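Trainee: 272 is the number of the first residue of the sequence shown in our numbering; add one for each residue after it. Handing you this structure, nothing more for now.
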Amino acid sequence: MTDEVPGARAGTTEPLEGDGVTAGIVRVGDTVRRPVRPFSATVRAYLAHLHDAGFAAAPVPLGVDGQGREVLSYVPGDVPREPLPAEATGEAVLVALAGLIRRLHDAAQGWEPPPDAVWGGLPGAHTVDLPPVDEPAELVGHRDYCPGNVVFRDGLPSALIDFDLARPTTRLYDVVNALYWWAPLLDPRDRPPALAEAHIPRRVAVFADAYGLTGGQRAELVPLAARVIHRFHLGARAAARHDPVFRRMWERGVRDRMPRAQAWIAVRGPSIAARISGRTVL
Ligand SMILES: Nc1ncnc2c1ncn2[C@@H]1O[C@H](COP(=O)(O)OP(=O)(O)OP(=O)(O)O)[C@@H](O)[C@H]1O
Ligand SMILES: [Mg+2]
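This is how it looks when you write it as structure tokens:
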């Protein structure tokens with residue numbers, strides 16, 4: 272058994288923890304070791320494609336080590352935790368994140384997943400009885416832009432990690448996923464304190480401009496966001512029934528936050544739609 276892989280420098284082993292969804296992630300020198308899951312080889316193929324296409328803001332896949340763990344490059348920088356600290360809530364952060372996602376999408380466009388591709392998903396996702404929110408697929412996207420998956424450097428988002436939920440999707444789904452976390456698309460009492468009073472339609476517009484959303488995408492954004500939030504709610508409830516880590520999250524607040532987010536987008540959605548379409552804000 273060895274920790275060594277070609278191209279990876281040895282070093283001390285240090286546990287890495289996010290929200291505790293994936294146990295056993297460690298940093299070894301300038302690499303990260305993660306347990307191999309059914310979708311890991313597909314995600315590594317995707318990451319390899321992104322690098323070949325010139326997108327350097329994601330971990331480089333370096334193979335599998337002697338203990339059967341996958342090896343990725345360690346991405347230097349700071350990863351925020353929830354609630355988002357005030358310094359991670361400025362509009363420059365939205366602009367940088369939107370630009371990062373745009374470059375990811377442009378690099379992903381045209382990549383054909385292998386025919387035997389296997390994709391990840393939340394536990395219990397198969398039990399959610401709602402129509403799909405990201406079909407027909409346009410490309411493979413990241414699909415999980417929670418704060419713990421965004422690496423900051425010099426105060427701005429500079430790379431994405433944790434591609435466990437990557438799969439074929441639409442550009443707009445991925446944008447809505449990022450906005451849910453970063454606008455955020457949440458009732459004021461569920462936002463980080465620095466954003467409790469924030470003007471969310473304006474923040475969505477800043478993101479939409481920085482990404483370069485088309486007129487058609489702008490028209491669809493709010494209806495899609497309402498469907499995505501509904502799906503997040505049922506998805507989180509299903510995951511809580513299938514997995515103790517998600518059960519803890521559910522009981523510690525997700526079960527209250529999700530219905531509040533649904534009610535909030537129903538009321539505030541029209542002013543977001545007006546703002547991003549260029550019409551007068553109500
Ligand atoms: N390649 C990497 N480079 C730098 N840091 C990493 C890397 N992979 C993981 N980390 C760190 O380890 C943490 C947990 O990793 P990861 O996000 O993959 O696991 P997770 O259990 O899915 O976490 P979460 O549920 O918070 O997304 C990350 O939030 C980050 O701080
Ligand atoms: Mg993560």
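Ideal Cβ placement from N, Cα and C applies to all residues, glycine included. These numbers come from a predicted model, not from an experiment.
Answer yes or no: do residue 372 and residue 445 have a C-beta to C-beta separation smaller than 8 Å?
Mentor: Taking the sequence shown and counting its residues from 1, the one referred to as residue 372 is at position 101. Taking the sequence shown and counting its residues from 1, the one referred to as residue 445 is at position 174. Yes, the Cβ-Cβ distance between residue 372 and residue 445 is below 8 Å.
Trainee: In terms of alpha-carbon separation, which member of 511, 379, 346, 297 lies closest to residue 283?
Mentor: Here residue 283 refers to the residue found at position 12 when the sequence shown is read from its first residue. Considering only alpha carbons, the answer is 297.
Trainee: Compute the beta-carbon to beta-carbon distance between residue 348 and residue 424, rounded to the nearest angstrom, for a pair I have assumed lies under 8 Å.
Mentor: For the purposes of this step, residue 348 is identified with residue 77 of the sequence shown, where counting begins at 1. For the purposes of this step, residue 424 is identified with residue 153 of the sequence shown, where counting begins at 1. 4 Å between Cβ atoms; contact.
Trainee: Work out the CA separation of residue 549 and residue 357 for me, nearest whole Å.
Mentor: As a position in the sequence shown, residue 357 is number 86, starting the count at 1. As a position in the sequence shown, residue 549 is number 278, starting the count at 1. Roughly 28 Å between the two C-alpha positions.
Trainee: By DSSP, does residue 387 sit in helix, in strand, or in coil?
Mentor: Against the sequence shown, residue 387 aligns to sequence position 116. Of the three classes helix, strand and coil, the one that applies to residue 387 here is coil, per DSSP.
Trainee: Can residue 445 be considered in contact with ligand 2, in the sense that its beta carbon sits closer than 7 Å to one or more heavy atoms?
Mentor: Residue 445 sits at position 174 when you count from the first residue of the sequence shown. No, since every heavy atom of ligand 2 falls outside the 7 Å radius drawn around the Cβ of residue 445.
Trainee: Taking 7 Å as the cut-off, is the beta-carbon of residue 433 closer than that to any non-hydrogen atom of ligand 2?
Mentor: Numbered from its first residue, the sequence shown carries residue 433 at position 162. For ligand 2, at least one heavy atom lies less than 7 Å from the Cβ of residue 433.
Trainee: If you compare alpha carbons, which of 334, 351, 399 is closest to residue 510?
Mentor: Position 239 of the sequence shown holds residue 510. Checking every option, the nearest Cα to that of residue 510 belongs to 399.
Trainee: Report whether the distance from the Cβ of residue 350 to the nearest heavy atom of ligand 1 is below 7 Å.
Mentor: Working through the sequence shown from its first residue, we reach residue 350 at position 79. True, at least one ligand heavy atom lies under 7 Å from that Cβ.
Trainee: Residue 314 by DSSP, collapsed to three states: which one?
Mentor: Taking the first residue of the sequence shown as position 1, residue 314 is located at position 43. Correct three-state label for residue 314: helix.
Trainee: Is DSSP giving residue 439 helix, strand or coil here?
Mentor: Within the sequence shown, numbered from 1, the residue matching residue 439 stands at position 168. Strand at residue 439.
Trainee: Report the three-state DSSP secondary structure of residue 351 (helix, strand or coil).
Mentor: Your numbering for residue 351 matches position 80 in the sequence shown. Coil.
Trainee: What do you reckon, are the CB atoms on residue 315 and residue 340 nearer than 8 Å?
Mentor: The residue you call residue 315 lines up with position 44 of the sequence shown. The residue you call residue 340 lines up with position 69 of the sequence shown. Taking 8 Å as the Cβ cut-off, residue 315 and residue 340 do not qualify as a contacting pair.
Trainee: Nearer than 7 Å: is that true of the beta carbon of residue 289 relative to any heavy atom of ligand 2?
Mentor: Taking the first residue of the sequence shown as position 1, residue 289 is located at position 18. Because some heavy atom of ligand 2 lies under 7 Å away, the Cβ of residue 289 counts as near it: yes.
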